[in-house]
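Enquirer: Protein chains in written order, with my numbering: chain S, -6 to 328; chain A, -6 to 328.
Handing you a structure now.
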DNA sequence: CAGGTAAATATTAACGTTAATACAAGGTGG
DNA sequence: CCACCTTGTATTAACGTTAATATTTACCTG
């Protein structure tokens, strides 16, 4: 099975220096003369040395690893975010440990514990349930920096997030301006305590001088196109019947569009449909979807920046900060 | 920043046993009497102990970690696979380290080296380029089991994969039976040495008694809907003009459908369109897409099973095995 | 009751690093 | 020219676990 891999000791013996000198040389210490370093580096290359990060972590109590917990990678938005996070971190020399909670707090808790047991230097979380975050707060309090990627006010934690409420607010402003007076909102987040979008919607309606009755909020079962499709039965049964459906993500909206096509409901003439996230598919559905952009890239970059700065200069940290990104509308044909 | 976390030593002192006894107790050794174990477990809970896996890894030289390299998480198929892999492994008590190669061998190499430096117990890879796999072979040869999730014949490595060639073969059988005689194939894999699907297509055409000229293979720039859309200019300029377009993934096909709608080409009447992967969106595009299923779940489960069995019983391993899953066609409206 | 075995626990040495000192040699300044 | 830095290197002790032996105690057997 091949020789055991080379260690610092092997290099030390081969190069004729002490183990620690080798360690210093490989870490580029300025305390060593050029020549010594060269000899050692050459030997290291010859032996095909690469460091054992486990040992390094143990000795230095810094693992150069970040944990990422995501609710559901199947969501293209979170996929994008995970992707960017991985790229950014890997450029910064960090490895990524990855876990999904499936929206269940128990899983999330296990994942975080796992991460802690691997001594991760920091944790990025899309929380499963914003009402249950004790275990997250505990991790932060115990000294492992945490950054939330969804806004949880008063969590006492660092937050970098899209302003979801503002996104929904803008979306409903648009719908109101377009003359709609009766709305259905399919909110996939309600079941996990995420009411931002519903709240934003309601605010916009109030501001437009409409009655709260003009908005019906429905909680679909999952985040799939199938479940958006299924909800349309209920939407069409409402009285008065809405003229606009807003879904809290594109994939739900896609299901809505599909239902409309199959049932001869013209979009946007008979029914306006709006999504959320601006995933790639939104442009290519039965009707190009008007949606709210989710700047996954920006969130990821900012989130990574924040966690790294907390890790690298723990002193310059002055308590948690909330940073909310304002989302843009993406106008296409479905409204 | 909170107390430093409890170690075995702390428990040992609190419980009045030696450090090693504590270690044994926590690992459930049968050599200890029930009572001792209870005392120790109680103390451990009281101190909120959880193991330091870094230390454990170093001592036991097994990290209970698996590395996963994927070419592009943005691809919903790979997302699904990554998701299932993570779930399966986490159930088996393994953590997952995650990296994307972006289809670049250099990145893949770096990722694998990173994994090795973290002493992962095994590696699952969607290889970036099947012509450059020395570094993967090297990892396996050096004692870290590797399983490829894409077929690379004669790699000398374990393989669990969808039979991509057979999928394309079946797809073209279908198209031929439907009476088509002139085909365009948008192959997103060509640029990274992945010719399976093109080969399968050609075989089917040959078997149907058609001339090789009836198939035009085009290499789109990326794996996006936009690039599928862009390629349609070229497809329509072909002479004779094809009556069927086969794209090697759904997202490309989605772009094709979009082009057709915008340019008044009726699908499937004027143009048959087929995709590959059976991603969720394929059912909800401008026209429901006929496609080839990619059993991401099955691949993932089998891949995880294989790597775990190699880790857990290295002795019962009799050299690399190739396991190919036969894909099914999914018939919808676009053909 | 000597001798042996088993059960329960302790001791010691790894694992491969980093970090904190320690030491030697050679130069410099008062 | 001796005390004192500086420069280059070596030594030693962590880090928190597991693994391999040791040791003690208790019990059983002939």
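Ideal Cβ positions, reconstructed from N, Cα and C, are used throughout, including at glycine.
Small disclaimer: the values here were computed from a predicted structure and weren't measured.
#1: Who are residue 209(S)'s beta bridge partners in DSSP?
#2: Using a 10 Å radius around the Cβ and a threshold of 16 neighbouring Cβ atoms, would you call residue 190(S) buried or exposed?
#3: Would you mind working out which of 18(S), 289(S), 114(S), 211(S) sits nearest residue 57(S), comparing C-alpha positions?
#4: Would you say residue 63(S) and residue 71(S) are within 8 Å of each other, going by their C-beta atoms?
#5: In chain order, which beta strand (DSSP E) runs of at least 3 residues are fully inside the stretch 195 to 277 of chain S?
#6: Going by C-alpha to C-alpha distance, which of 222(S), 235(S), 201(S) sits closest to residue 210(S)?
#7: Could you give the first and the last residue of the continuous alpha helix (DSSP H) run that contains residue 126(S)?
#8: Give the residues from the stretch 71 to 90 of chain S that approach chain A closer than 8 Å (Cβ to any Cβ), ordered along the chain.
#9: Identify the residues that DSSP records as bridge partners of residue 317(S): which are they?
#10: Would you say the stretch 98 to 113 of chain S touches the stretch 276 to 295 of chain S, given that touching needs at least three Cβ pairs under 8 Å?
#11: Output needed in chain order: residues of the stretch 34 to 51 of chain A with a Cβ under 9 Å from some Cβ in chain S.
#12: Just checking: is the beta-carbon of residue 118(S) within a distance shorter than 8 Å of some beta-carbon in chain A?
#13: Need the endpoints of the alpha helix (DSSP H) that residue 104(S) sits in, please.
#14: Can you say whether residue 273(S) is buried or exposed, counting buried as having 16 or more other CB atoms within 10 angstroms of its CB?
#15: Whose Cβ in chain A lies nearer than 7 Å to the Cβ of residue 128(S)?
#16: So is residue 113(S) in contact with chain A if we call contact Cβ pairs under 8 Å?
#17: Can you look up residue 113(S) in the DSSP assignment and give me helix, strand or coil?
#18: To the nearest angstrom, report how far apart residue 93(S) and residue 92(A) are at their CA atoms.
#19: Applying the criterion that 16 or more other CB atoms from any shown protein chain within 10 Å of the CB defines a buried residue, is residue 306(A) buried or exposed?
#20: Please list, in chain order, all residues of the same chain as residue 313(A) whose beta carbon is under 8 Å from its beta carbon, the five residues on each side excluded.
#21: If residue 266(S) sits next to residue 282(S), beta carbons under 8 Å apart, how far is it from one beta carbon to the other, in whole angstroms?
#22: Run through chain S and tell me which residues come within less than 9 Å of residue 109(A), C-beta to C-beta.
#23: Measuring straight from C-alpha to C-alpha, what distance separates residue 87(A) and residue 52(S)?
#24: Could you give the distance in angstroms between the alpha-carbon of residue 123(S) and the alpha-carbon of residue 84(S)?
#25: Output yes or no for whether 8 Å exceeds the beta carbon distance between residue 121(S) and residue 98(S).
#26: Any beta-carbon of chain A closer than 8 Å to the one on residue 248(S)?
#27: Following the continuous alpha helix (DSSP H) through residue 186(A), name the residue where it begins and the one where it ends.
#28: Look at the Cβ atom of residue 240(A), then the Cβ atom of residue 221(A), and state whether they are nearer than 8 Å.
#29: When the cut-off is 8 Å and only beta carbons count, does residue 16(A) lie next to chain S?
#30: Where are the alpha helix (DSSP H) runs, 4 residues long or more, that stay fully inside the stretch -2 to 38 of chain A, in chain order?
#31: Which ranges does the alpha helix (DSSP H) cover as unbroken runs of at least 4 residues, wholly within the stretch 57 to 103 of chain S, from first to last along the chain?
#32: Would you list the one or two residues that DSSP bridges to residue 328(S)?
#33: Let me know the secondary structure DSSP gives residue 297(S) once reduced to three states.
#34: Could you spell out where the beta strand (DSSP E) holding residue 141(S) opens and where it closes?
#35: Give the residues of chain A in contact with residue 171(S), contact being defined as C-beta atoms less than 8 Å apart.
#36: Please report the Cβ distance between residue 34(S) and residue 3(S), rounded to the nearest whole angstrom; I am assuming they are in contact, meaning their Cβ atoms lie under 8 Å.
Expert: So, to answer that:
#1: 177(S)
#2: buried
#3: In terms of Cα proximity to residue 57(S), the closest of 18(S), 289(S), 114(S), 211(S) is 114(S).
#4: In this structure, residue 63(S) sits near residue 71(S), with a CB-CB distance shorter than 8 Å.
#5: Listed in chain order, the complete beta strand (DSSP E) runs (minimum 3 residues) inside the stretch 195 to 277 of chain S are 208 to 211, 237 to 240, 265 to 267.
#6: Shortest Cα-Cα distance from residue 210(S) to any of 222(S), 235(S), 201(S) involves 235(S).
#7: Per DSSP, residue 126(S) belongs to no alpha helix (DSSP H) and is neither H nor E.
#8: 72, 73, 75, 76, 79, 80, 83, 88, 89, 90
#9: 154(S)
#10: no
#11: 43, 44, 45, 46, 47, 48, 49, 50, 51
#12: no
#13: 98 to 110
#14: buried
#15: Chain A residues near residue 128(S): none, gap ~12 Å exceeds 7 Å.
#16: So no, residue 113(S) is outside the interface.
#17: coil
#18: 15 Å
#19: Here residue 306(A) is exposed, its C-beta having fewer than 16 other C-beta atoms within 10 Å.
#20: 148, 149, 150, 151, 152
#21: 7 Å
#22: -2, 43
#23: 23 Å
#24: Taking the CA atoms as reference points, residue 123(S) sits about 30 Å from residue 84(S).
#25: Note that the C-beta distance between residue 121(S) and residue 98(S) is below 8 Å.
#26: At least one chain A Cβ lies under 8 Å of residue 248(S).
#27: No alpha helix (DSSP H) holds residue 186(A); DSSP gives it neither H nor E.
#28: yes
#29: no
#30: Segments of the alpha helix (DSSP H) lying fully in the stretch -2 to 38 of chain A: 1 to 8, 12 to 19.
#31: 69 to 84
#32: Residue 328(S) is bridged by DSSP to nothing; it lacks a bridge partner.
#33: helix
#34: 139 to 141
#35: Correct list: empty, because the minimum Cβ distance to chain A is about 23 Å.
#36: Rounded, the Cβ-Cβ distance is 14 Å, inconsistent with contact.
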